[in-house]
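So in full-length UniProt numbering, spot 76 of the sequence shown is number 76, and the numbers just go up one at a time.
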Amino acid sequence: MYVHPDLEPALAGLPERSMFGDIPRAREGMRRAMSTRAPYGDPRLSIEDAVATPVPGADGPEVPVRIYRPAGAEGALPAVLFFHGGGFVLGDLDSGDRNCAHMCVGTGAVVIAVDYRLAPEHPCPAALTDAWTALRWTSARAAELGVDPGRIALSGHSAGACLAAGLTLRARDEGGPAIAFQQLLLPALDDRADGGSRAEIDDPRVLNGASVAQIWEMYLGSGSAEAPAYAVPARAKDLSGLPPAYVQVAGADPLRDEGLAYARRLMEHQVAVELHFVPGAFHLFEDWAPATELARSTVAHWTRALRDALDGK
Numbered sequence: 001m002y003v004h005p006d007l008e009p010a011l012a013g014l015p016e017r018s019m020f021g022d023i024p025r026a027r028e029g030m031r032r033a034m035s036t037r038a039p040y041g042d043p044r045l046s047i048e049d050a051v052a053t054p055v056p057g058a059d060g061p062e063v064p065v066r067i068y069r070p071a072g073a074e075g076a077l078p079a080v081l082f083f084h085g086g087g088f089v090l091g092d093l094d095s096g097d098r099n100c101a102h103m104c105v106g107t108g109a110v111v112i113a114v115d116y117r118l119a120p121e122h123p124c125p126a127a128l129t130d131a132w133t134a135l136r137w138t139s140a141r142a143a144e145l146g147v148d149p150g151r152i153a154l155s156g157h158s159a160g161a162c163l164a165a166g167l168t169l170r171a172r173d174e175g176g177p178a179i180a181f182q183q184l185l186l187p188a189l190d191d192r193a194d195g196g197s198r199a200e201i202d203d204p205r206v207l208n209g210a211s212v213a214q215i216w217e218m219y220l221g222s223g224s225a226e227a228p229a230y231a232v233p234a235r236a237k238d239l240s241g242l243p244p245a246y247v248q249v250a251g252a253d254p255l256r257d258e259g260l261a262y263a264r265r266l267m268e269h270q271v272a273v274e275l276h277f278v279p280g281a282f283h284l285f286e287d288w289a290p291a292t293e294l295a296r297s298t299v300a301h302w303t304r305a306l307r308d309a310l311d312g313k
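Structure representation (structure tokens):
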């Protein structure tokens, strides 16, 4: 496994164990790690917690969200719904906090982070239901939120990118809400993938093929041969009519090949795609090694892509 020189020190410091072997322990470890981070405290934005409620007649519980707004901004702004990573089993509003704050400052958009329910306690389709509730709530209350309903983008890391891709499929099929752009960062998209990068990336210190198989089973359950395309976007037969996409793929990520394949299929269905390949990077390297030049340049790249899409460039 080739690892970019910027990331070698971070990789050397990671433990040789799967973070998905003991979910309660992993969640507690993530909470402790988040509690040691200094608060963002950027005067260029304001942050408030809220609750997205299902639209009348829809099923599902209320969904906690966190809203990041550029300070002093007026008028209807573009919006980004952000879905954190964590293999469908880890993560919350705090784990995506710094990404969302950076996204808000870097794009000038209202960023709405979604705290969807986690497996295995809440398997599929719970996370999708929550994500759909948040999207419809944002669109329905766009005026109250100060959001331009014609400039709503979806962004997600890893499992969150899977949710974002699934929402674009459902929104297309159901005639809305309108989605202007989809940003898929290191996306998990195919539970059936085998061989290739799944077999190649086997280092126990980072996300590897065995861990990916484990999280899909926790999310979909055993015997998931008929998983719906909204839950596993690579299973969708028709990708036409979807919004433009930005797909980020990392060279040392077991999700590499399915991300490349999905980007290629989007292009084959005449969807505009910007593909950003990061050689020698392992999964969620921006979180494990945020101070490296590779991580900083990568974050700047996807921030620029999101800003340009929302500005209509």
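Glycine residues also receive a C-beta, built at the ideal position from the N, C-alpha and C atoms.
Whether residue i touches residue j by CB criterion (8 Å)
i: Ala113; j: Gly96; result: yes
i: Leu239; j: His283; result: no
i: Ala109; j: Leu77; result: yes
i: Phe88; j: Val111; result: no
i: Gly279; j: Gly251; result: Per the sequence shown, the amino acid found at residue 279 is Pro instead of Gly. Contact: yes.
i: Gly86; j: Ala171; result: no
i: Leu184; j: Ala229; result: no
i: Gln182; j: Ala210; result: no
i: Thr138; j: Gly60; result: no
i: Leu186; j: Ala101; result: no
i: Ala119; j: Tyr219; result: yes
i: Leu93; j: Ala26; result: no
i: Ile47; j: Arg66; result: yes
i: Leu128; j: Leu163; result: yes
i: Ile179; j: Pro243; result: yes
Where the alpha helix (DSSP H) containing residue i begins and where it ends
i: Pro70; result: Segment Val63 to Pro70 is the beta strand (DSSP E) holding Pro70; no alpha helix (DSSP H) there.
i: Tyr219; result: Gly209 to Leu220
i: Pro78; result: From DSSP, Pro78 is part of no alpha helix (DSSP H) but of the beta strand (DSSP E) over Leu77 to Phe83.
Environment of residue i [buried if 16+ CB atoms lie within 10 Å]
i: Ala38; result: A caution first: Ala38 carries a pLDDT of 49, below 50, which makes its placement in the model unreliable, though a value can still be read off. Exposed, since its Cβ has fewer than 16 Cβ neighbours within 10 Å.
i: residue 386; result: Shown here, the chain extends from 1 to 313; a query on residue 386 therefore has no answer.
i: Glu74; result: exposed
i: Tyr2; result: exposed
i: Gly13; result: exposed
i: Pro233; result: buried
i: Glu293; result: exposed
i: Asp253; result: buried
i: Ala272; result: exposed
i: Ala58; result: exposed
i: Pro123; result: buried
i: Glu286; result: buried
Beta strand (DSSP E) segment containing residue i, residue limits
i: Pro254; result: Unbroken run through Pro254: none, as it is neither H nor E.
i: Leu11; result: Counting along the chain, Leu11 falls outside any beta strand (DSSP E), though it belongs to the alpha helix (DSSP H) covering Glu8 to Ala12.
i: Ala231; result: Careful: Ala231 lies outside any beta strand (DSSP E) and carries neither H nor E.
Quick check for students: name the residue ranges of the alpha helix (DSSP H) that lie wholly in the segment 123-196, counting only runs of 4 or more.
For the segment 123-196, whole alpha helix (DSSP H) runs of length 4 or above, ordered along the chain, are 126-140, 142-145 and 159-174.
Count Cβ pairs between the segment 166-179 and the segment 190-210 that sit closer than 8 Å; are there 3 or more?
no
Whole runs of the alpha helix (DSSP H) within the segment 94-120, excluding any shorter than 4 residues:
97-107, all fully within the segment 94-120.
List in chain order: all unbroken alpha helix (DSSP H) runs of 4+ residues lying wholly within the segment 257-293.
285-288
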